[in-house]
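Shown next, in structure tokens, is the structure this report addresses.
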Amino acid sequence: MKPQLMIITSLCFIMLGCSSHQAKQMGIQGGSVNAYARQMSNSQLCATYLKQQPTNQTRVSLVAEWRHRKLSRAYCSEQENEWYLTKFAKWLVNEKSAEPK
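This is the structure we're talking about:
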């Protein structure tokens, strides 16, 4: 029981110390996004719009929501490379994420 607990704990710490880009490279994060474009988070919209993650939504709906939120490739890249630990810390202090430029 103890070795399993240590392995699970270490995997949790490793996950907190990586970004979503790194998680995608390791194959940890994935699967298709099955939500309407209006209901997707910015990170999900970025991944589906830039064809990094499959979705069941049409390209037209993704483009419309992308333009409505005024997202950019630079914003998506910045959000993708942010560490999970940083995102968690921002969530704890209830800090609003930077708006797309």
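In terms of mature numbering (1 follows the signal peptide of the UniProt record, and there is no 0), the sequence shown is residues -23 to -1, 1 to 78. Just so you know, even glycine gets a beta-carbon here, dropped at the ideal spot from N, CA and C. In this text, all values refer to a predicted model and were calculated from it rather than measured experimentally.
Check                                                                                                                                                  : Outcome
Ordered along the chain, which non-local residues of its own chain (more than five positions away) have a Cβ less than 8 angstroms from that of Leu39? : Ala14, Leu22, Thr25, Tyr26 and Thr32
For Thr32, which of helix, strand or coil comes out of DSSP?                                                                                           : strand
Going by C-alpha distance, which of Leu(-19), Gln16 and Asn11 is nearest Arg46?                                                                        : Gln16
Under the assumption that Ser9 contacts Gln30 (Cβ atoms under 8 angstroms), give the Cβ distance between them as a whole number of angstroms.          : 7 angstroms
Quick one: grab the DSSP three-state call for Val10.                                                                                                   : strand
Do you know offhand how far Leu(-19)'s Cα is from Val70's?                                                                                             : 29 angstroms
Closest to Asn19 by C-alpha separation, out of Ala41, Gln34 and Cys53, would be which residue?                                                         : Cys53
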